[in-house]
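Written below as structure tokens is the structure these notes are about.
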Amino acid sequence: MGYRKKQQQKMKKQRLSLHRRTRSISNKQRPILPIDAKAAMFFSWVAYKSVSDNEKNLIDTSYSEHNGHNRLKDMGVWKITNQIIRNTKIVRAHVVIAKCEERKTTIIAFRGTELDHSDPRGTVEDWIFGALNAKLVLWDEDHPSMGKCHRGFKIHFEDLKEEVSDEVDLAKLQGHNIVLTGHSQGASLASLAMLSAVERSNNQNDNLSLITFGCPRPGNSVFVDYYALTVKSSAVWHFITSFPSSVPTVDLITCIPPSTMRYKKQKCGKFIYIKSQRKYYGNPDPITGIDFQGATRVLDILGAHYQQNYMDGLLFDNELSHEPFFEPVTNRIRQKRRNLLKRRVKNIVQ
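Residue numbers (the UniProt record's numbering): 1 to 350.
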């Protein structure tokens, strides 16, 4: 058999394999969302805001778009009953506790790393603190077999632990279901709070659930295994944004700290990927007037972590899947990219 014929057969097999892969992903059944997913997303967003005493009873979930469609109408009537605030050099945190008597549900939402343009120093301190404290430390000093978790997240949680535990106990006395949630760093704190609450209740978590958005890796392999054995997997949901591409692209924050630092991906719970349509829109270069797409592709990956992407995905009913989204690259798409690159080079030269 000639070389040309071998190459043709090889390409035919690749196209067939690609077709089967895309078909299997497109035919997957839409994941079933937990009943409080939208409410958890909403209050993980509220946790980034400062809520005054006058606003606690005014949680407006009746907002409608120009076409009259209300995407929050099924959330029920909620009231913020308490807030836990820390603003020190070591710990910067905001926890919102909201209750819905109709649903008999309490949501405890942790704030993530804040991108605060009015206080850039605080934001930088958050980043530096997280980077310098990525060291692994024992979850329980008396029981090394439980594994090691992120030092920075543990420091934050230990500072909040007593007050959060009191809120969990109060919700149990009221007969409420308890939802722990958060975005980014807040998701990690919610994960640790879930583990702590289950341990305190003798490994019973019938009325506890965890919903995270863009959660970083929690700890080493031993800690991940211990977490999966202790917490009921059916009560945990991890939401991750994903951009369709030839190489499945997910929220970068969910992949750090890296495995080179002995961190492992969470095993406990269901992983739901949100097909994100939102792109990063940067300003054009002031000299050439060109928006460099090579750079914005990287920013797309980083921008996938923005909370707005998660809100868009849940509130606007974007596609959901149990696997990252995949988009085949055809010869036609490659040619379009080449032509686009040629035009950009031509504009720069001119």
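Don't be surprised by glycine CBs; every beta carbon is placed ideally from N, CA and C.
Cβ pair residue i, residue j closer than 9 Å
{"i": "Gly182", "j": "Thr212", "result": "yes"}
{"i": "Cys215", "j": "Ser191", "result": "yes"}
{"i": "Trp139", "j": "Phe42", "result": "no"}
{"i": "Arg200", "j": "Lys264", "result": "no"}
{"i": "Gly186", "j": "Arg111", "result": "yes"}
{"i": "Ser196", "j": "Phe157", "result": "yes"}
{"i": "Gln308", "j": "Ser44", "result": "no"}
{"i": "Leu320", "j": "Tyr273", "result": "yes"}
{"i": "Ala40", "j": "Val137", "result": "no"}
{"i": "Lys270", "j": "Val236", "result": "yes"}
{"i": "His322", "j": "Pro31", "result": "yes"}
{"i": "Ile107", "j": "Trp78", "result": "yes"}
{"i": "Ile253", "j": "Ser184", "result": "yes"}
{"i": "Lys99", "j": "Ala171", "result": "yes"}
{"i": "Leu210", "j": "Asn177", "result": "no"}
{"i": "Met75", "j": "Lys38", "result": "yes"}
{"i": "Thr249", "j": "Gly313", "result": "no"}
{"i": "Cys268", "j": "Tyr310", "result": "no"}
{"i": "residue 370", "j": "Val46", "result": "Outside the shown range of the chain, which is 1 to 350, sits residue 370, and nothing can be said about it."}
Where residue i falls: helix, strand or coil (DSSP)
{"i": "Cys268", "result": "coil"}
{"i": "Asn177", "result": "strand"}
{"i": "Ala134", "result": "coil"}
{"i": "Thr241", "result": "strand"}
{"i": "Gly76", "result": "coil"}
{"i": "Lys6", "result": "helix"}
{"i": "Val91", "result": "coil"}
{"i": "Ser26", "result": "Since pLDDT at Ser26 reaches only 43, below the 50 mark, its modelled position is unreliable, and no value is offered."}
{"i": "Ser184", "result": "coil"}
{"i": "Leu33", "result": "coil"}
{"i": "Ile108", "result": "strand"}
{"i": "Lys49", "result": "coil"}
{"i": "Gln307", "result": "helix"}
{"i": "Gln335", "result": "helix"}
{"i": "Ser191", "result": "helix"}
{"i": "Leu321", "result": "The question names Leu, but residue 321 in the sequence shown is Ser. Residue state, collapsed to three classes: strand."}
{"i": "His150", "result": "strand"}
{"i": "Thr254", "result": "helix"}
{"i": "Thr113", "result": "coil"}
{"i": "Arg86", "result": "strand"}
{"i": "Glu65", "result": "Low confidence applies to Glu65: its pLDDT is 48, below 50, so where it sits in the model is not reliable, and the reading given next is rough at best. Looking at Glu65 - three-state DSSP - the assignment turns out to be coil, as it is neither helix nor strand."}
Test: residue i CB closer than 9 Å to a CB of chain D
{"i": "Asn202", "result": "Going by chain labels, chain D is absent from the structure shown, which holds only one protein chain."}
Through-space distance from residue j to residue i, alpha-carbon basis
{"i": "Gln204", "j": "Val198", "result": "6 Å"}
{"i": "Lys336", "j": "Lys342", "result": "10 Å"}
{"i": "Asn87", "j": "His150", "result": "20 Å"}
{"i": "residue 395", "j": "Val91", "result": "As displayed, the chain neither begins before 1 nor continues past 350, which places residue 395 out of reach and without an answer."}
{"i": "Arg121", "j": "Ala93", "result": "Any reading at Arg121 must be qualified, since the residue scores a pLDDT of 49, below 50, and its modelled position is unreliable; the value itself is stated next. Approximately 15 Å between the Cα atoms of the pair."}
{"i": "Lys5", "j": "Asp225", "result": "50 Å"}
{"i": "Phe243", "j": "Leu173", "result": "43 Å"}
{"i": "Asp260", "j": "Asn220", "result": "The identity of residue 260 in the sequence shown is Thr, whereas the question assumes Asp. Cα to Cα, Thr260 sits roughly 11 Å from Asn220."}
{"i": "Asp251", "j": "Ala304", "result": "5 Å"}
{"i": "Ile155", "j": "Leu189", "result": "10 Å"}
{"i": "Val168", "j": "Lys104", "result": "13 Å"}
{"i": "Arg262", "j": "Asn202", "result": "29 Å"}
{"i": "Gly147", "j": "Gln9", "result": "50 Å"}
{"i": "Ser165", "j": "Val95", "result": "12 Å"}
{"i": "Pro324", "j": "Ile256", "result": "17 Å"}
{"i": "Glu102", "j": "Pro258", "result": "42 Å"}
{"i": "His143", "j": "Met194", "result": "18 Å"}
{"i": "Gln266", "j": "Ala109", "result": "20 Å"}
query: Hey, is the region 160 to 172 in contact with the region 131 to 145, meaning 3+ C-beta pairs nearer than 8 Å?
result: The region 160 to 172, when compared against the region 131 to 145, does not touch it at the 8 Å Cβ threshold.
- prompt: Fully enclosed by the region 207 to 235, which alpha helix (DSSP H) runs are 4 residues long or longer?
  reply: For the region 207 to 235, whole alpha helix (DSSP H) runs of length 4 or above, ordered along the chain, are 221 to 230.
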